[in-house]
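Quick mapping for you: the protein sequence lines, in order, are chains A and B. Here the working numbering is used: the first sequence runs in plain steps of one and ends on residue 213. Here the working numbering is used: the second sequence runs in plain steps of one and ends on residue 1213.
2 protein chains.
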Amino acid sequence: MKKNVPIATVERVAKYLRCLKYLRYKGTKVISSKDLAELTKVTPEQVRKDLSYFGKFGKTGTGYDVNKLVKKLEKILKGKAKWNVCIIGAGSLGSALVNYPRFKESNFNIVALFDNNPEKIGKEINHIKVYDIAEFSRITEQKKIEIAVIAVPESARNDIENILSKNRIIRGVLNFTPITLNIKTRRKISIIDVDLSQKLYILTYLITKGKRR
Amino acid sequence: MKKNVPIATVERVAKYLRCLKYLRYKGTKVISSKDLAELTKVTPEQVRKDLSYFGKFGKTGTGYDVNKLVKKLEKILKGKAKWNVCIIGAGSLGSALVNYPRFKESNFNIVALFDNNPEKIGKEINHIKVYDIAEFSRITEQKKIEIAVIAVPESARNDIENILSKNRIIRGVLNFTPITLNIKTRRKISIIDVDLSQKLYILTYLITKGKRR
DNA sequence: CTTTGTGAAAATGTTCACAGCC
DNA sequence: GGCTGTGAACATTTTCACAAAG
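In structure tokens form, the structure reads like this:
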């Protein structure tokens, strides 16, 4: 049980968790680091070392109790059971994310969409209401929304930066805009960038070099 | 100019490229490692070191020619100018990806969608035809599709693994299914996993620990 | 004076190897 | 026999610091 957890470890642990939930769903009760490693394409030592940053979860000679480990890892990664999430941008990507089944399943509750298009405001997408982006602060405070997923076109970037800089409740941002956001705030806001076209560039690099991953 | 390029370097270079294209669009002609670092939230040394894996692109005392660097990095990451891409799964995520403007802009041409739903087969989504997944090998060979983006529900995972294991032309896979794929093939296939709910778990971990990124 | 490119040092991350337990 | 947890060894990656160039 060590102090500084590598971010790579956190990413892998999230991957283990996904896999463990799948195993739980399939009815597997116990799994060894060897088998979990095989399923997630890492080494058994890596699995054990990663888990050891957070505690001792296994039984020598047996392996890990799938149910227990799922609960432990959920707690470690999520901190609290339920998070309220909003999506900024009710375009095709935003709408697809509202439908993404695994968010709700993991208790990331999408409770609002935001857009600036008058034709969309007031409508519902998959039972989630679209609010005027001008109401962002009011709605996020009212609904206690701490996570914002940004799915707007690049052109709206400045507006989003301003809106988030003024906001006082959002603590985390998942950014699908392919430009690094510059949010000016004294509060700490955690940001994760997901640039989909970047992934394709990395993929073609791997293909060209003949690497698996 | 060294031999083994870290994958983290490749990821950052793709990020620089995205940023440089934005600068080019804004009319910036020259940029220093310092300024590029600020825009992409890394250190100037990191930028220079990363680029040095691939060559000497800068002018001492001046910086990097934005136009030239964009062209060089495009060549390095993509290998060839144009790639044909298909999307498996014409659900909301698949449809959103067809609409994602940056794919076409970067010459990743989406030329086919695949699904197993008879109601969708034969229709068009954003001018891209939906084919029967049973025709996967025929269509990919005919259209010379080397990259597959997987946007199917988890339940279709086994079918996808089988179809890809049989296929002889796909060289790269961008996998949005939140389970690591197990493709049995003697050919080398590069795979990149993008698990969206995993990102939320990492985000809540960062929030809880009070880390920016 | 500014900025690149890069060895060398420092920091970080992964693998090894084995004690201890079932 | 089978498996976990973990220091220590090893490997990789990042940062430092500076010579060389415009």
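Using N, Cα and C, we set each Cβ at its ideal position, and we do this for glycine too.
Asked, Found
"Per-residue DSSP class, three states only, for Ala1148(B)", "strand"
"Unbroken alpha helix (DSSP H) run spanning Phe108(A), endpoints", "That residue, Phe108(A), is in no alpha helix (DSSP H); its beta strand (DSSP E) goes Phe108 to Asp115."
"With 16 other Cβ atoms within 10 Å as the buried cut-off, status of Lys144(A)", "exposed"
"DSSP state of Tyr1053(B) mapped onto helix, strand, coil", "coil"
"Buried or exposed by the 16-neighbour rule on C-beta atoms within 10 Å, applied to Gln1142(B)", "exposed"
"Cα-Cα separation between Arg1048(B) and Ser1033(B), rounded to whole angstroms", "6 Å"
"Chain A contacts made by the region 1156 to 1167 of chain B, where a contact means CB separation under 7 Å", "none"
"Ile183(A) in three-state terms, based on DSSP", "coil"
"Three-state secondary structure assigned by DSSP to Asp65(A)", "strand"
"Buried versus exposed call for Lys1140(B) [16 or more other C-beta atoms within 10 Å across all chains shown]", "For the sequence presented, residue 1140(B) should be read as Thr rather than Lys. So Thr1140(B) ends up on the buried side."
"Close beta carbons around Ile1076(B), own chain, < 7 Å, minus the five adjacent residues each side", "Phe1054"
"Interface flag, Val130(A) vs chain B, CB-CB below 7 Å", "no"
"Same chain, Cβ closer than 6 Å to Val1005(B), five either side skipped, listed in chain order", "Tyr1053"
"Within-7 Å CB hit, Val1010(B) to chain A", "yes"
"Bridge partners - Val30(A), DSSP secondary structure assignment", "Asp65(A)"
"Tyr1100(B) - DSSP class collapsed to helix/strand/coil", "coil"
"Option nearest Ile1087(B) by Cα separation, candidates Thr1043(B), Glu1135(B) and Val1130(B)", "Val1130(B)"
"Whole-angstrom distance between Lys1071(B) and Asp35(A), CA atom to CA atom", "44 Å"
"Residue span of the alpha helix (DSSP H) that contains Asp159(A), given as start and end", "Arg157 to Lys166"
"Exposure of Lys1021(B), with buried meaning 16 or more beta-carbon neighbours within 10 Å", "buried"
"Beta-bridge partners of Leu1203(B), as assigned by DSSP", "Answer is none; Leu1203(B) lacks a bridge partner."
"Buried versus exposed call for Ser1155(B) [16 or more other C-beta atoms within 10 Å across all chains shown]", "exposed"
"Cβ-Cβ separation, Tyr64(A) to Val30(A) (assumed contact under 8 Å), whole Å", "7 Å"
"Inter-residue Cα distance where the pair is Gly1122(B) and Glu1161(B)", "23 Å"
"Identity of the residue in Val13(A), Leu93(A), His127(A) and Ala37(A) nearest Asn109(A) by Cα", "His127(A)"
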